[in-house]
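K.L.:
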Amino acid sequence: MECGENASSFGFEYGYTVVFDDDRTVGITVGADGAHQLAEHADEAMALPENSRQHPILLYEPDEMPGALGRLRPFIGNIGTTPSIELPDSHNAGDFGQFLIGAGHDWGLPDEEALEARTDGHLDSNEVRPGAVLICPVRVEGAGLYVGDLHANQGDGELSLHTTDVSGKTELEVEVIKDLDLPGPLLLPNEEDLPHIAKPYTDAERDAGAALADEYDVETLHDALPVQLIGSGATINDATENAFDRASSLFGISEGEVRSRCTFTGGVEIARLPGVVQLSMLVPIELLDEVGLTETVREQYGA
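The structure is reproduced here in structure tokens:
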């Protein structure tokens with residue numbers, strides 16, 4: 007008997023199944039036969055952990071885009087600290103968290119204000135990869151660090167709302183920065199992942215800047231280091247405003263200054279649609295000193 011109701015918690019209109027080379031450098035999408043073969047031993051093909059209890063997406067046998075070759079660059083899609091209220095980890099962000107507002111189930115939230123307790127662990131930034139540093143807000147005793155949602159690769163924005171989800175192992179080095187009151191996560195990506203104008207200054211650039219300062223009577227030439235602020239919201243615009251607010255709150259500067267510094271020495275990148283962004287900014291050393299971040303940022307960029 008068929009009731010006609012959708013019993014699946016997940017679906018997509020266009021999908022693909024990917025197989026990887028032995029070195030995990032490239033992957034190719036397979037056709038219907040390949041997708042079916044993998045579905046027949048999905049747990050093994052996905053290398054599910056022994057104690058995992060889930061239904062592998064391979065069971066859907068997606069095969070709409072065979073023969074596409076893609077480069078791999080694995081990263082962690084969901085990593086962060088436990089919020090001060092109970093939230094499903096998949097909804098620990100300002101965009102997906104919108105589905106909890108007014109929901110009738112046990113995880114429903116009364117209003118937008120309740121979602122402010124989020125810690126934005128589900129950020130889906132492809133720059134959270136080996137070598138990156140993620141500085142997370144602490145909302146509960148012990149922080150409650152968690153990790154999941156590993157991806158083999160993803161273009162900026164996760165435009166299809168899903169990507170190459172995989173099993174994997176992570177190795178993290180955890181440090182505590184005392185007396186740091188963060189409104190949201192900060193990301194210190196690998197230098198090569200930073201926007202060109204947000205990279206640390208070279209010695210030659212500092213010398214050129216000092217010469218210009220002398221020529222035009224600029225009293226103070228501010229040295230600065232890069233920081234990315236994670237922002238999230240119902241839309242990309244909302245997420246960007248959230249990042250502006252967090253930057254302004256953390257560094258004690260106006261939104262106008264945040265916007266100007268991000269325009270001249272930074273930028274905004276889309277981590278995930280519909281609403282997670284990375285706001286890059288070269289932050290003056292004196293501002294980093296005030297919040298106790300200088301040593302951490304210097305260590306990341308060797309500056």
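Numbering of the sequence shown is given in my numbering, commencing with residue 7 and proceeding in unit increments. Glycine included, C-beta positions come from ideal geometry on N, C-alpha and C. From a predicted model like this one, the values you see are computed outputs, not experimental measurements.
Let me check understanding here. Comparing Cα to Cα, which of Ala240, Val134, Ile91 lies closest to glycine 114?
P.N.:
For the purposes of this step, residue 114 is taken as residue 108 along the sequence shown, with counting starting at 1. Nearest option by C-alpha distance: Ile91.
K.L.:
Could you pull the start and end residues of the alpha helix (DSSP H) that glycine 40 belongs to?
P.N.:
Residue 40 sits at position 34 when you count from the first residue of the sequence shown. First-last of the alpha helix (DSSP H) with glycine 40: 38-46.
K.L.:
Just tell me which of Leu256, Glu11, Asp130 has its CA closest to the CA of aspartate 171.
P.N.:
Numbered from 1 along the sequence shown, position 165 holds the residue referred to as residue 171. Of the listed residues, the one whose Cα sits closest to aspartate 171 is Asp130.
K.L.:
Looking at aspartate 49 and proline 68, is the spacing between their C-beta atoms short of 8 Å?
P.N.:
Against the sequence shown, residue 68 aligns to sequence position 62. Against the sequence shown, residue 49 aligns to sequence position 43. Going by C-beta atoms, proline 68 is not nearer than 8 Å to aspartate 49.
K.L.:
Let's see if you can read the secondary structure: which residues bound the beta strand (DSSP E) around serine 318?
P.N.:
Since the first residue shown for the chain is 7 and the last is 309, residue 318 is missing from the structure and cannot be characterised.
K.L.:
How long is the line joining the alpha carbons of phenylalanine 16 and glutamine 160, rounded to whole angstroms?
P.N.:
Reading the sequence shown from its first residue, position 10 is the one you call residue 16. Reading the sequence shown from its first residue, position 154 is the one you call residue 160. Near 19 Å, if we compare the C-alpha coordinates of glutamine 160 and phenylalanine 16.
K.L.:
Using DSSP with H/G/I as helix, E/B as strand and the rest coil, what is isoleucine 91?
P.N.:
The residue labelled residue 91 in the question sits at position 85 within the sequence shown. Looking at isoleucine 91 - three-state DSSP - the assignment turns out to be coil, as it is neither helix nor strand.
K.L.:
When the Cα atoms are used, what is the spatial distance from proline 189 to leucine 165?
P.N.:
Residue numbering aside, residue 189 sits at position 183 when the sequence shown is read from its first letter. Residue numbering aside, residue 165 sits at position 159 when the sequence shown is read from its first letter. Their backbone Cα atoms lie some 27 Å apart in a straight line.
K.L.:
My output table needs one value for tyrosine 152: the three-state DSSP class, helix, strand or coil.
P.N.:
Position 146 of the sequence shown, counted from the first residue, corresponds to residue 152. Three-state DSSP puts tyrosine 152 in a strand.
K.L.:
For the alpha helix (DSSP H) holding arginine 252, just list the boundary residues, first then last.
P.N.:
The residue given as residue 252 occupies position 246 in the sequence shown. It spans 242-257 - the alpha helix (DSSP H) in which arginine 252 sits, taken as one unbroken run.
K.L.:
Measure the alpha-carbon distance for proline 143 versus glutamate 19 and round it to whole angstroms.
P.N.:
Counting from 1 along the sequence shown, the entry for residue 143 is found at position 137. Counting from 1 along the sequence shown, the entry for residue 19 is found at position 13. Near 36 Å, if we compare the C-alpha coordinates of glutamate 19 and proline 143.
K.L.:
Check whether the Cβ atoms of alanine 138 and asparagine 196 sit closer than 8 Å, and answer yes or no.
P.N.:
The residue given as residue 138 occupies position 132 in the sequence shown. The residue given as residue 196 occupies position 190 in the sequence shown. Going by C-beta atoms, alanine 138 is nearer than 8 Å to asparagine 196.
K.L.:
Can you tell which of Leu65, Phe250, Asp27 has the C-alpha that lies nearest to the C-alpha of glutamine 43?
P.N.:
One-based indexing of the sequence shown puts residue 43 at position 37. Of Leu65, Phe250, Asp27, the residue nearest in Cα terms is Leu65.
K.L.:
Note down, in chain order, each residue of its chain lying with its Cβ closer than 8 Å to the Cβ of leucine 140, except the 5 sequence neighbours on either side.
P.N.:
Taking the sequence shown and counting its residues from 1, one reaches residue 140 at position 134. If we look at leucine 140 and ignore the five residues flanking it on each side, its Cβ neighbours are Ile85, Gly86, Val134, Pro191, Leu192, Leu193, Leu194.
K.L.:
For a test of the three-state rule: what should DSSP assign to valine 32, helix, strand or coil?
P.N.:
Numbered from its first residue, the sequence shown carries residue 32 at position 26. Correct three-state label for valine 32: strand.
K.L.:
What residue range does the alpha helix (DSSP H) around isoleucine 291 cover?
P.N.:
Stepping through the sequence shown from its first residue, residue 291 is reached at position 285. It spans 291-297 - the alpha helix (DSSP H) in which isoleucine 291 sits, taken as one unbroken run.
K.L.:
Helix, strand or coil for alanine 277? Go by DSSP, reduced to three states.
P.N.:
Along the sequence shown, read from residue 1 onward, the residue named residue 277 stands at position 271. Three-state DSSP puts alanine 277 in a strand.
K.L.:
For leucine 200 and serine 286, which I take to be in contact (beta-carbon distance under 8 Å), what is that distance rounded to the nearest angstrom?
P.N.:
Within the sequence shown, the letter at position 194 stands for residue 200. Within the sequence shown, the letter at position 280 stands for residue 286. Rounded, the Cβ-Cβ distance is 6 Å, consistent with contact.
K.L.:
Shortest alpha-carbon distance to alanine 53 belongs to which of Leu121, Pro280, Leu156?
P.N.:
Taking the first residue of the sequence shown as 1, we reach residue 53 at position 47. Nearest of Leu121, Pro280, Leu156 to alanine 53, Cα basis: Leu156.
K.L.:
Between the stretch 243-252 and the stretch 94-112, can you find at least three pairs of beta-carbon atoms closer than 8 Å?
P.N.:
Counting Cβ pairs under 8 Å, three or more are found: they touch.
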